[in-house]
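Last residue of the sequence shown: 859 in our numbering, with the numbers rising by one and none dropped.
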Amino acid sequence: MTPTTDSAAARARRIVALNTAYFQAKALQSAVELGLFELLADRSADVGQIRAELGVQHRLFKDFLDALTGLGLLDEQDGRYQAAPLAREFLLPGSPTYLGGTARQHARLHYHAWAQLTDALRDGKAKSAVAAQGQLAYPTQYEDLDRARQIMLHMDAHNGFTADELARAIDWSQYTSFVDVGGGRGNVASRIAAAHPHLRGAVFDLPALRPLFDELVAEAGTADRVAFHGGDFFATDLPEADVVIFGHVLPDWPVADRRELLRRAHKAVRPGGLVVLYDAMIDPDERDPEVLLQRINHTMIRDEAGAYSLQQARDYLVEAGFTVDRIAASDTITRDHFAIGVKSA
Ligand SMILES: C[S@@+](CC[C@H](N)C(=O)[O-])C[C@H]1O[C@@H](n2cnc3c(N)ncnc32)[C@H](O)[C@@H]1O
């Protein structure tokens, strides 16, 4: 064993840093909730101005700003603060890579679920308000359109990177149409369509999301090439297409339902076409703690939820009648894998 030269205090600080890592998470989430980065996007301000404009009272608010500066989210010069480039890239609403929606969702939901991790490890049950609603969770959450919009911002923070990878990973010149099943408000579909102007795309998702889809495609300029089909994917036939995509959908459902969805996909894919799954699949060789904890995160929110392995992805595709084309890792936030199956011509 290599002898360590760290002092006992330095070694102890590594444990303390782990123990208090949530301080940093909450500092980020509160800055987003307060609207700090919007305030400092295009101008600098001193602590007094920021306090007054955000209406905050905490006596150590300057320490809060300095901590965010140390974390690389603000820049400070002569006592004036402004959003750092990293915050401008990812934490300003309207940015195509906006991550503030997922910060808010973690503050609202995930943080509270993780407070009960020990219980979840003991009893194996999810610990969120969403878990109690079971399979009615999505329609129930969409009853309030603003809440649905927040949830979409959270999903889109993750799927935007995946969409861009997917736009590159497939030779789209061979296909003319695709449908993104459980495609939310159409962020992935719209990005793929924007990258490949010859494609016509569709989103199949619950009808409540149509107004949010209409907003997104109008803003992205893809409304003439991406359509919305509202329905329950267990009850309505999926629209036919050359490529059928399921992204971050299968882990929400028990295994029998996943198989049913893939059977339905096989019916919808035109001969010679593809089914594409993207998910944070279990790779038995994975050792990165961030990836491993992200996987557990899903199970903290939903009971049915379960990541599936690379081998299970292969099995789902083959059982539904597809030939496995490839299963490949991608450079996305949750290090998703793509699993691609071909329907014989
Ligand atoms: C975890 S989200 C994934 C969204 C998106 N594909 C992504 O990668 O971010 C699951 C999606 O499945 C949709 N969904 C859930 N139940 C559904 C159902 N019965 N029929 C159609 N869509 C459904 C949800 O509305 C949501 O958009």
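Don't be surprised by glycine CBs; every beta carbon is placed ideally from N, CA and C.
1) At which residue ranges does the stretch 617 to 698 contain complete beta strand (DSSP E) runs of 3 or more residues, listed in the order of the chain?
2) Taking the alpha-carbon positions, what's the Phe-575 to Arg-565 distance?
3) Ligand 1 and Leu-856: does the residue's C-beta get closer than 7 Å to at least one heavy atom of that ligand?
4) When we look at the beta-carbon of Gly-638 and count the other beta-carbons within 10 Å, is it buried (16 or more) or exposed?
5) Excluding the five sequence neighbours on either side, which residues of its own chain have a C-beta within less than 8 Å of the C-beta of His-780, listed in chain order?
6) Taking DSSP as the reference, what is the three-state secondary structure of Leu-554?
7) Counting pairs of beta carbons, one from the stretch 676 to 686 and one from the stretch 638 to 650, are three or more of them closer than 8 Å?
8) What are the complete alpha helix (DSSP H) segments, minimum 4 residues, inside the stretch 783 to 854?
9) Where do the ends of the alpha helix (DSSP H) carrying Gly-584 lie?
10) Go ahead and pull the three-state DSSP assignment for Val-546.
11) Report buried or exposed for Ala-755, applying the criterion of at least 16 other Cβ atoms within 10 angstroms of its Cβ.
12) How many Å lie between His-812 and His-762 at the Cα?
13) Indicate the three-state DSSP secondary structure (helix, strand or coil) for Arg-714 in the structure shown.
14) Count the other C-beta atoms from every protein chain shown that fall within 10 angstroms of the C-beta of Arg-772, then say buried if there are 16 or more, exposed otherwise.
15) Report whether the distance from the Cβ of His-572 to the nearest heavy atom of ligand 1 is below 7 Å.
16) Within the chosen definition, does the stretch 728 to 744 reach the stretch 709 to 720 through at least 3 CB pairs nearer than 8 Å?
17) One question on the structure: do Ile-815 and Ala-627 come within less than 8 Å of each other, judged by their Cβ atoms?
18) Spell out a yes or no on whether the stretch 790 to 799 and the stretch 843 to 859 are touching, meaning 3 or more CB-CB pairs, one atom from each, closer than 8 Å.
19) Give a single yes or no on whether Met-795 has its beta carbon closer than 7 Å to a heavy atom of ligand 1.
20) Under 6 Å Cβ to Cβ from Tyr-689, same chain only, skipping five residues before and after it: list those, please.
21) Can you list, in chain order, the residues of its chain with a C-beta nearer than 6 Å to that of Pro-721? Leave out the 5 residues immediately preceding and following it.
22) Kindly indicate the opening and closing residues of the alpha helix (DSSP H) around Ala-708.
23) How long is the line joining the alpha carbons of Val-832 and Ile-706, rounded to whole angstroms?
24) Taking 6 Å as the limit between beta carbons, can you name the residues of its chain near Arg-778, skipping five residues before and five after?
25) Write down the C-beta distance between Tyr-612 and Leu-554 rounded to the nearest angstrom, noting that I regard them as a contact closer than 8 Å.
Let me spell this out:
1) Listed in chain order, the complete beta strand (DSSP E) runs (minimum 3 residues) inside the stretch 617 to 698 are 691 to 695.
2) Put simply, the backbone Cα of Phe-575 is about 8 Å away from that of Arg-565.
3) Just to set this straight, residue 856 is Val in the shown sequence, not Leu. No.
4) Exposed, by the Cβ-count rule.
5) In chain order, Val-789, Ala-834, Gly-835, Phe-836 and Lys-857 place their CB closer than 8 Å to the CB of His-780, counting only its own chain and leaving out the 5 sequence neighbours on each side.
6) In the structure shown, Leu-554 adopts coil according to DSSP, grouped into three states.
7) Segments in contact, no.
8) Segments of the alpha helix (DSSP H) lying fully in the stretch 783 to 854: 803 to 815 and 824 to 833.
9) Taken as a continuous stretch (DSSP letters only), the alpha helix (DSSP H) holding Gly-584 covers 575 to 584.
10) Helix at Val-546.
11) Ala-755 should be labelled buried.
12) Going by the C-alpha atoms only, they are around 10 Å apart.
13) DSSP places Arg-714 in strand when its eight states are reduced to three.
14) Per the 10 Å Cβ criterion, buried.
15) No, Cβ of His-572 sits at least 7 Å from all heavy atoms of ligand 1.
16) Yes, the stretch 728 to 744 touches the stretch 709 to 720.
17) Contact flag set, yes.
18) With a cut-off of 8 Å on Cβ pairs, the stretch 790 to 799 is in contact with the stretch 843 to 859, counting three or more such pairs.
19) False, no ligand heavy atom lies under 7 Å from that Cβ.
20) The beta carbon of Tyr-689 sits closer than 6 Å to those of Asp-756 and Val-757, all from its chain and outside the five residues before and after it, given in chain order.
21) Around Pro-721: Gly-744.
22) Start and end: 701 to 709.
23) It is roughly 26 Å from the alpha-carbon of Val-832 to the alpha-carbon of Ile-706.
24) Excluding five sequence positions before and after Arg-778, the CB atoms of its chain that fall closer than 6 Å to its own CB belong to Leu-752, given in chain order.
25) With a Cβ gap of about 16 Å, Tyr-612 and Leu-554 do not count as contacting.
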